[in-house]
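Some notes on the structure that comes next.
Numbering (the working numbering), first residue to last: 4 to 337.
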């Protein structure tokens, strides 16, 4: 499953909702859309790394700590991926354990970091501090603000769809967010919402976002610099500047591997028309228990999945509006 399709959808619907309020923050997002969408996925999912590599063809496969046992192309045994930096090697799971909670805030911290989990009610203050610091530290880089807003959309979307924050009324196939229903969510988001409703060019958006630079504010909002700014004053604990350089390498690698994944994901999302019906990728159908594309779309509609997506988008826009109120300069079009 993709991950990127869902988070781009949440981000675009969050932008659509805030645009209805005619606020300057919506125009900033529109102007720096590529960075906004980069933040919505790569700003948080730092485990966007290969699961393994084929030593024969050198192709990389899998995602995070997961990879096929054998190369899909030539059957060679896959070698687990490792990231080398400063004489040390890191597995995707190592990176996940070190950084995932720092980008997701309300969940995902490892067993030794549970005390750092933020409550939903604490998020606005954290976000306000990060946005204010971004503007203060990089006053000429409005692109970085859009990136931060994208990252915020990821946190909100993840917390709701994964039921970390209660309130999303969704039961699709066998739950709210499960391995089996994720293909349904992706296909519905890609075709029904993205292509039909929002008229998105998924290929252009996905390829453009991976070409955006690693934003220097990333290390700050993950607390991988020396404590400083409003965030440093508000949250003095859990800063780890010794990992700042490693993070930059990871973020660069995330972009590199997502370029590889983009082509595969776009192919997997395609549907084709037969004489009887629309057909989707066989593997996606298998994951759902054998549902056809049309059955998946009907099931999503029956479950009011579009309404759940709207709820996520509206919730994101509420956070954006509150941040804009508390960081006045964000409300300017300059």
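Using N, Cα and C, we set each Cβ at its ideal position, and we do this for glycine too.
Using DSSP's beta-bridge definition, name the partner residues of residue 82. 56
Would you list, in sequence order, the uninterrupted beta strand (DSSP E) runs of no fewer than 3 residues that lie entirely inside the segment 65-111? Whole beta strand (DSSP E) segments, 3+ residues: 86-88 and 91-93.
Below 8 Å, how does it come out for the segment 68-76 and the segment 171-190: are there three or more Cβ pairs, yes or no? Flag = no, the segment 68-76 and the segment 171-190 do not touch.
Judging by CA-CA distance, which residue of 262, 167 and 269 is the nearest neighbour of residue 287? 269
Selection from 89, 33, 150 and 198 that minimises the alpha carbon distance to residue 137: Proximity to residue 137 across 89, 33, 150 and 198 peaks at 150, based on C-alpha coordinates.
Among 103, 110, 333 and 259, whose alpha-carbon lies nearest the alpha-carbon of residue 217? Minimum Cα distance to residue 217 is reached at 259.
In terms of residue numbering, what span does the alpha helix (DSSP H) encompassing residue 224 cover? 220-224
From the DSSP secondary-structure annotation, give me the bridge partner or partners of residue 275. For residue 275, the beta-bridge partners assigned by DSSP are 282.
Among 9, 21 and 7, which residue has its Cα nearest to the Cα of residue 321? 21
Proximity winner among 116, 110, 114 and 117, relative to residue 126 (alpha-carbon distances): When only C-alpha atoms are compared, the closest one is 110.
Are the beta-carbon atoms belonging to residue 2 and residue 40 less than 7 Å from one another? Any answer about residue 2 is impossible in this case: the structure gives the chain only from 4 up to 337.
For residue 4, which residues from the same chain have a beta carbon less than 7 Å from its beta carbon, with the 5 sequence-adjacent residues on both sides left out? Confidence at residue 4 is low in this model, with a pLDDT of 49, below 50, so the placement of that residue should be treated as unreliable; the coordinate-derived value is given next. The residues are 185, 186 and 189.
Taking residue 36 as the reference, give the member of 284, 14 and 303 with the closest Cα. 14
May I have the straight-line CA-CA distance separating residue 38 from residue 244, to the nearest angstrom? 24 Å
What would DSSP say about residue 26, mapped onto helix, strand or coil? For residue 26, the secondary structure class from DSSP, reduced to helix, strand or coil, is coil.
Inter-stretch contact (C-beta, 8 Å, three-pair minimum) for the segment 143-159 and the segment 43-54: A contact between stretches requires three or more CB pairs, one per stretch, nearer than 8 Å, and the segment 143-159 meets this requirement with the segment 43-54.
Whether residue 175 touches residue 306 by CB criterion (7 Å): yes
Is the segment 267-284 close to the segment 295-305, with three or more CB pairs under 8 Å? yes
Whether residue 83 touches residue 52 by CB criterion (7 Å): no
Going by alpha carbons, who is nearest to residue 67 out of 273, 257, 308 and 18? Taking only the C-alpha atoms, the option nearest residue 67 is 257.
For a test of the three-state rule: what should DSSP assign to residue 160, helix, strand or coil? helix
Alpha carbon to alpha carbon, what distance is there between residue 328 and residue 163? Rounded to whole angstroms, the separation of the alpha carbons of residue 328 and residue 163 is 23 Å.
Span of the alpha helix (DSSP H) holding residue 297? 296-305
Are the segment 202-209 and the segment 224-231 in contact at 8 Å, needing three or more beta carbon pairs? no
Compare the beta carbon distance of residue 78 and residue 65 with 7 Å and say whether it is the shorter of the two. no
Once the 5 residues before and after residue 338 are set aside, which same chain residues still bring their CB inside 8 Å of it? One cannot answer for residue 338 here, as it falls past the ends of the chain, which runs 4 to 337.
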